[in-house]
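What follows is a short report on a single structure.
There are 4 protein chains.
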Amino acid sequence: MSVPPPKGSQDLIEGLRDKLRQFAAEREWDQFHSPKNLAMALSVEAAELLEHVQWLSDAESAALAPEKRVKIREELADVLLYLIRLADKLDVNLATAAADKLSVNAQKYPVQKARGSSKKYTEL
Amino acid sequence: MSVPPPKGSQDLIEGLRDKLRQFAAEREWDQFHSPKNLAMALSVEAAELLEHVQWLSDAESAALAPEKRVKIREELADVLLYLIRLADKLDVNLATAAADKLSVNAQKYPVQKARGSSKKYTEL
Amino acid sequence: MSVPPPKGSQDLIEGLRDKLRQFAAEREWDQFHSPKNLAMALSVEAAELLEHVQWLSDAESAALAPEKRVKIREELADVLLYLIRLADKLDVNLATAAADKLSVNAQKYPVQKARGSSKKYTEL
Amino acid sequence: MSVPPPKGSQDLIEGLRDKLRQFAAEREWDQFHSPKNLAMALSVEAAELLEHVQWLSDAESAALAPEKRVKIREELADVLLYLIRLADKLDVNLATAAADKLSVNAQKYPVQKARGSSKKYTEL
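Residue numbers (the numbering used here), protein chains in the order written: chain A, 1205 to 1328; chain B, 1205 to 1328; chain C, 1205 to 1328; chain D, 1205 to 1328.
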């Protein structure tokens, strides 16, 4: 079922992964970076992202003030960095995992059934 | 302060971004994909990841049973897919954002002060 | 299946519910307090709680420094306040709901099967 | 700054706290119930709540289908149960903590400044 990721695709992820490894090694942070702790950190960063949009309307969330956009950009980066670090610790190839998941989603949500609906696949 | 991302780095992100655009377009899902809703979905996926490790010890979370690892790999993929979709809707370049954030983190957590400590930079 | 809540039990919840109603009315905040937005706010507060313990060991999380305990106490309060507000908007009686859920949990996790195990009921 | 909770208010919380203590003791679950793990469980339950409303409009989230409302009622109960269990482990009186936080909020959000605004107090 594994779909090959687009060519050259691992460059970004692998580059950041290596920098994060070095970053943690220099600070002796591997002792804190259990998958459990990293999963918590990821969840906390995702919630910080959420905090920026929680009281906005959908339309407002799509037309953010520049200073808010700067902060959200930082939260998006934090999520990506923890995600890469966690995947590294679990020895998961994110590029392949994402390509596989897209295939699964295409099966769960066939166009004919899912069009215009926000229902979960179990309710379609 | 912007650091150039590693060469060729956008391939994976851009490839997935384009597939997600097509996926949503075919299903007429753009109506649901406000940044607000996507931030919620990201947070929900991060929590599903968390659920898999919540009662484990740190050591157990680093030595997962194969069937649990398969599920966690799917959740990691879900987080990446929503992250890319959200960044696309906000017109944020994830590669550049992550590189910038790493520079910020290096300043917030200088090696001498942060070594061996899990404290937040505001408490170092 | 509904189990009566302990006598007099609604006092606290109802008292806080009424204060929160007044608080929101005075500030004209009902326009923001959709169940969707309140569920987001609850989730954000829960993550702020999590942030305080994310890098701690289990033992450290049980022996918090006094200033950290003060902050966590505030986050616990925030979670309770949003929970009560959300339940009010959904017309859910929290006392009865909690008593019912305890009964459900007792059936899902019979003592003989669940003793000493952290597995989910679906895996017991 | 501590405001007395309404009279008789601890009945519900204390009743559920005692039942949860017994529930955990019978199943030998105290070994898993570190504040850290309980904070994770609380966060996971809050996200499950969120999942039920994530693709709904604000109006739809206020007019839930009966079967969805039943599920959300269960999630609300789960959040309350973990919240009480966590507060117990941290020796925090939720009733007093909530009353205190309401006072703090009243100061952070004076009616004149906060009326009709969803801004955070730091931005008012």
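Ideal placement from N, C-alpha and C gives every residue a C-beta, glycine not left out.
Give every residue of the same chain whose Cβ lies closer than 7 Å to the Cβ of residue i, excluding the five residues on either side of it in the sequence, and list them in chain order.
i          : result
Val1248(D) : none
Val1308(B) : none
Pro1239(B) : Leu1290, Lys1293 and Leu1294
Ile1217(B) : Ile1288, Leu1298 and Ala1299
Ala1243(A) : Leu1290
Gln1268(A) : With the sequence shown as reference, residue 1268(A) is identified as Leu, and Gln is not the correct amino acid for it. Answer for Leu1268(A): Ile1276, listed in chain order.
Let me know the secondary structure DSSP gives residue i once reduced to three states.
i          : result
Ala1303(D) : helix
Tyr1313(C) : coil
Pro1231(A) : Before going further, note that residue 1231(A) is Arg rather than Pro in the sequence given. Correct three-state label for Arg1231(A): helix.
Gly1320(B) : coil
Leu1216(D) : helix
Pro1210(C) : Confidence at Pro1210(C) is low in this model, with a pLDDT of 49, below 50, so its placement is unreliable and no value can be given for it.
Val1308(B) : helix
Leu1159(B) : With chain B covering 1205 to 1328 only, the question about residue 1159(B) has no answer from this structure.
Mind pulling the chain D residues with CB within less than 9 Å of residue i?
i          : result
Ser1247(A) : Met1244, Ser1247, Val1248 and Ala1251
Which chain A residues sit within Cβ distance under 7 Å of residue i?
i          : result
Tyr1313(B) : Arg1231
Arg1319(B) : Arg1231 and Glu1232
For residue i, go through chain A and note every residue whose CB falls closer than 9 Å to its CB, in chain order.
i          : result
Gln1316(C) : The premise fails here: Gln1316(C) is roughly 29 Å from chain A at the closest Cβ pair, so nothing lies under 9 Å.
Leu1328(B) : Residues of chain A passing the Cβ test: none, with the nearest at roughly 11 Å.
Please list the partners that residue i has in chain B, where partner means a Cβ-to-Cβ separation under 8 Å.
i          : result
Asp1234(A) : The contacting residues do not exist; Asp1234(A) stays about 11 Å from chain B at best.
Gln1258(D) : Asn1241, Met1244, Ala1245 and Val1248
Could you pull the start and end residues of the alpha helix (DSSP H) that residue i belongs to?
i          : result
His1256(B) : Pro1239 to Val1257
Ala1281(B) : Pro1270 to Lys1293
Ser1265(B) : Asp1262 to Ser1265
Only counting the same chain, and skipping five residues up and downstream in sequence, which positions put a Cβ closer than 6 Å to that of residue i?
i          : result
Asp1292(D) : Arg1221
Arg1231(C) : none
Arg1225(B) : none
Asp1262(C) : none
Ser1265(A) : Val1257
Asp1234(B) : Ala1228
Asp1215(D) : none
Counting only the same chain and skipping the five closest in sequence on each side, list residues whose C-beta sits under 8 Å from that of residue i.
i          : result
His1237(A) : Ala1228, Arg1289 and Lys1293
Leu1287(B) : Leu1246 and Leu1298
Val1283(C) : Leu1246, Glu1249, Ala1250 and Leu1253
Lys1272(B) : His1256
Lys1324(D) : none
Leu1328(D) : Tyr1313, Lys1317, Ala1318 and Ser1321
Leu1280(D) : Leu1253
Using the beta-carbon of each residue, which ones in chain D are nearer than 8 Å to residue i?
i          : result
Lys1293(C) : Ala1266
Using a cut-off of 7 Å between C-beta atoms, extract the partners of residue i located in chain B.
i          : result
Ser1322(C) : Trp1259
Arg1277(A) : Val1296 and Ala1301
By the criterion of Cβ-Cβ separation under 9 Å, what are the contact partners of residue i in chain C?
i          : result
Arg1273(D) : Leu1294, Asp1295 and Val1296
Chain C partners of residue i, CB-CB under 8 Å?
i          : result
Ser1238(D) : Asp1262, Ala1263, Ser1265 and Ala1266
What does residue i touch in chain D if you count any residue whose Cβ is under 7 Å from its own?
i          : result
Ala1299(C) : Leu1216
Strictly below 7 Å CB to CB, what residues from chain C border residue i?
i          : result
Leu1280(A) : None at all; the shortest Cβ gap to chain C is about 16 Å.
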